[in-house]
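Asks: FYI, in numbering that gives the first Met the number 0 the residues of the sequence shown are 0 to 523. Built from N, CA and C at the ideal position, the CB exists for glycine as well. Have a look at this one.
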Amino acid sequence: MRFENILADINGFGRFQIMIIVISFIGRFTLPCHFMLNNFIAAVPSHHCDISSLDDGGVFRNLSQAERLVVSIPLQEDGTPNSCQMFAEPQYHLLLNSSSITELPTVPCRTGWVYDNTTFKSTLTSQWDLVCDRRGKNKATATIFFVGVMFGAMSFGSLSDRYGRRIMLLVSYVSAMIFAFASAFSTSYVMFAVLRFFTGFCITGIVIVSTVLSVEWVDIEHRKLVGVIDSLSWTFGNTVFAAIGYFVTDWRWLIVSVSSPLAFAIITWRWMPESARWLIANGKLEQAQMYLKKCAKMNQTEELIHTLKTETLSTIVTEKRDRAYSYLDLIRTPKMRKLALCTGILWFCVATSFYGISFNITGFGLNIYLTQFTYALIELPAKVTVYYLLDKIGRRGTEVGAMLMAGVCLGINIVVPTDMPVVRTVVAVIGKGFSSASFATVVLYSSELYPTVVRQNGMGYNSFMARLGVAVAPLILLLDEVWKNLPQLVLCSAAILGGVVARTLSETRNRCLPETIEDIEKQW
């Protein structure tokens with residue numbers, strides 16, 4: 000007997016499953032906010048050197064602010080003030096002829112920088128002067144967060160396979176909220192970086208545990224719906240985040256604002272059930288029976304409760320239960336090893352292209368709040384379309400098509416001139432839609448490919464590979480110093496590679512979830 004047979008008897012998509020989806024939705028709201036947080040807290044306001052050191056108490060003091068900047072700050076080739084250099088001495092002759100600036104001695108900013116606070120009251124950049132030769136540290140804050148997410152994915156994937164989905168979900172809620180709040184009150188860059196690492200480490204458990212919990216409790220027919228709804232929680236979070244960022248312009252309070260919903264998630268956790276699949280796979284048949292009876296009662300199929308006997312449940316998983324599964328089980332057998340390799344590469348490529356586009360909200364010269372909102376809004380039609388395509392052309396076809404089209408959009412922006420910011424933004428938004436569709440598909444697709452006994456380990460490993468891609472994405476954007484289109488070229492290549500690799504995976508449409516590694520070796 001398969002677990003799907005039991006779900007069919009007690010209703011695999013009733014009130015019980017809807018409750019799980021709603022609870023998961025609440026907990027996942029804060030995730031996209033934290034993942035996109037650096038777009039706002041690490042934004043770089045317009046800035047120039049602090050020129051107070053040039054005040055000699057004479058002529059300089061009598062100049063207007065605009066005139067002080069003329070005699071103190073050299074111009075770049077495009078005519079804008081240099082952000083990282085200042086004249087060694089005031090150049091008063093520039094008030095008469097501002098074009099004669101060749102070979103005038105300049106020095107790096109002596110006493111820090113002055114920032115434009117029109118858009119942001121405070122950011123990490125203005126807090127710790129993360130500009131010019133410290134620009135890398137600014138981008139590094141995103142990478143450090145996602146490195147934490149990367150290792151957290153591996154840890155929570157393994158721990159939830161060993162100790163259960165439900166308890167590790169609570170651990171993730173509580174620890175993520177503690178570290179997020181603590182990071183908002185950091186007193187130094189190093190302290191903030193360390194706390195962001197642990198925030199990322201803990202918060203990733205929410206997505207990988209809640210995704211698997213949702214999928215493991217629903218029947219085959221509604222798995223795609225659950226996958227899309229889980230994905231839409233990211234769309235909702237990203238859309239609201241643009242509004243929150245617009246009204247909360249201090250980086251400390253922005254972190255507090257987007258982390259607060261975790262408190263509500265902790266309250267609702269008490270109604271979250273453990274995965275009956277996991278309980279059965281680990282020989283905890285009495286507990287599985289209890290949750291299945293709750294499901295039957297809530298779904299109003301109580302007349303079938305008598306069929307939920309432990310003897311019946313014991314026939315579902317035939318693989319040995321008296322050992323703990325680990326990540327090594329992903330590579331012990333040939334077909335399992337091939338599956339892990341292909342999905343790992345796919346997740347890396349999906350995440351790199353998706354976040355490479357998402358982090359580049361200032362690269363097109365338009366309002367960053369509007370760009371963030373548009374990037375989020377395009378996900379809605381993309382994911383609704385995915386819902387219909389998953390059954391029409393299958394998981395594999397949807398994933399391959401979405402990745403290749405995202406690559407095409409990234410390639411188009413390589414040849415579109417930079418003096419056409421609206422066109423470049425439109426193409427980027429369309430590319431974001433395709434990359435969003437690929438992300439929505441790959442989460443459901445992967446959870447269906449892996450067997451129950453190592454599903455959480457598999458998702459943890461995939462999430463690790465995805466976060467490795469995300470951690471690399473901010474660094475890829477720094478390649479514009481080598482060649483302005485190099486970041487686009489790298490992201491385009493990653494998207495196309497992902498599409499090619501996805502083509503090698505097996506289709507899972509209308510198939511039962513594999514329960515054991517032996518199932519994979521037989522069918523994949």
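In chain order, what residues of the same chain lie with their CB nearer than 6 Å to the CB of Gly468, ignoring the 5 residues before and after it?
Replies: Only Phe347, Ala350, Thr351 meet the Cβ criterion.
Asks: Note down, in chain order, each residue of its chain lying with its Cβ closer than 7 Å to the Cβ of Thr534, except the 5 sequence neighbours on either side.
Replies: Missing from the structure shown is residue 534; the chain here goes from 0 to 523 and no further.
Asks: Nearest CA to the CA of Ile519: which residue from Tyr449, Cys32, Ser434?
Replies: It is Tyr449.
Asks: Within 10 angstroms of its Cβ, does Tyr460 collect 16 or more other Cβ (buried), or is it exposed?
Replies: It is buried - the Cβ of Tyr460 has at least 16 other Cβ atoms within 10 Å.
Asks: Determine the burial state of Thr110: buried for a count of at least 16 other Cβ atoms within 10 Å of its Cβ, exposed for fewer.
Replies: With fewer than 16 Cβ atoms within 10 Å of its Cβ, Thr110 is classed as exposed.
Asks: Please report the straight-line C-alpha distance between Ile330 and Ser230, rounded to a whole angstrom.
Replies: Roughly 29 Å between the two C-alpha positions.
Asks: For Ile9, which residues of its own chain have a beta-carbon under 7 Å away from its beta-carbon, when the five flanking residues on both sides are left out?
Replies: Same-chain partners within the cutoff: Leu291, Cys294, Ala295, Asn298, Thr300, Leu303.
Asks: Based on the DSSP secondary-structure assignment, which residues constitute the bridge partners of Pro89?
Replies: According to DSSP, Pro89 bridges with nothing at all.
Asks: Taking the alpha helix (DSSP H) that Gly114 belongs to, which residues open and close that run?
Replies: According to the sequence provided, residue 114 is Tyr. The question's Gly does not apply to it. First-last for Tyr114: 112-114, but that is the beta strand (DSSP E), not the alpha helix (DSSP H).
Asks: When the Cα atoms are used, what is the spatial distance from Val146 to Phe196?
Replies: For Val146 and Phe196, the distance between alpha carbons rounds to 7 Å.
Asks: Would you please state the rounded distance, in angstroms, between the beta carbons of Leu30 and Gly236? I believe it to be under 8 Å.
Replies: That pair is a contact at about 6 Å.
Asks: Report the start-end ranges of each alpha helix (DSSP H) in the segment 215-279 that is 4 residues or longer and not cut off at the edges.
Replies: Qualifying alpha helix (DSSP H) stretches, in chain order: 222-246, 250-258, 260-267.
Asks: Between Phe438 and Phe372, is the Cβ-Cβ spacing less than 8 Å?
Replies: Not in contact: Phe438 and Phe372 (Cβ atoms no closer than 8 Å).
Asks: For Leu36, name the three-state secondary structure that DSSP assigns.
Replies: The answer is coil: DSSP assigns Leu36 none of H, G, I, E or B.
Asks: Determine the direct distance from the alpha carbon of Val257 to that of Thr507, and round the result to whole angstroms.
Replies: The alpha-carbon atoms of Thr507 and Val257 are separated by roughly 36 Å.
Asks: Beta carbon of Gly204, beta carbon of Leu168: below 8 Å?
Replies: Going by C-beta atoms, Gly204 is nearer than 8 Å to Leu168.
Asks: Can you tell me whether DSSP reads Ser121 as helix, strand or coil?
Replies: The answer is strand: DSSP assigns Ser121 an E or B state.
Asks: Figure out for me which residue from Ile279, Ala65, Asp128, Thr342 has the closest Cα to the Cα of Leu312.
Replies: Comparing Cα-Cα distances from Leu312 to each of Ile279, Ala65, Asp128, Thr342, the minimum goes to Ile279.
Asks: Could you name the residues of the same chain whose beta carbon sits closer than 6 Å to that of Ala381, not counting the 5 residues immediately before and after it, in chain order?
Replies: The residues are Gly432, Ser435, Ala436.
Asks: So the candidates are Lys483, Asn81, Met153; which of them puts its Cα closest to the Cα of Ile413?
Replies: Selected option, being the one with the closest Cα: Lys483.
Asks: Could you check if Phe246 is buried or exposed, using at least 16 other CB atoms within 10 Å of its CB as the buried criterion?
Replies: So Phe246 ends up on the exposed side.
Asks: Determine, using beta-carbon pairs with one atom in the segment 495-505 and one in the segment 394-414, whether at least three such pairs fall under 8 Å.
Replies: Yes, since at least three Cβ pairs between the segment 495-505 and the segment 394-414 fall closer than 8 Å, the two stretches touch.
Asks: Take the Cβ of Val148 as the centre, count every other Cβ of all protein chains shown within 10 Å, and call the residue buried at 16 or more, exposed below.
Replies: By the neighbour-count rule (16 or more Cβ atoms within 10 Å), Val148 is buried.
Asks: Would you tell me roughly how many angstroms separate the C-alpha atoms of Ser52 and Glu76, rounded to the nearest one?
Replies: Whole-angstrom Cα-Cα distance: 25 Å.
Asks: Relative to the C-alpha of Phe144, which candidate in Asn38, Gln90, Ser213, Leu158 has its C-alpha closest?
Replies: Nearest option by C-alpha distance: Asn38.
Asks: So within the segment 384-428, which uninterrupted alpha helix (DSSP H) runs reach at least 4 residues, ignoring any that extend past its ends?
Replies: Entirely contained in the segment 384-428, the alpha helix (DSSP H) runs reaching 4 residues are, in chain order, 393-414.
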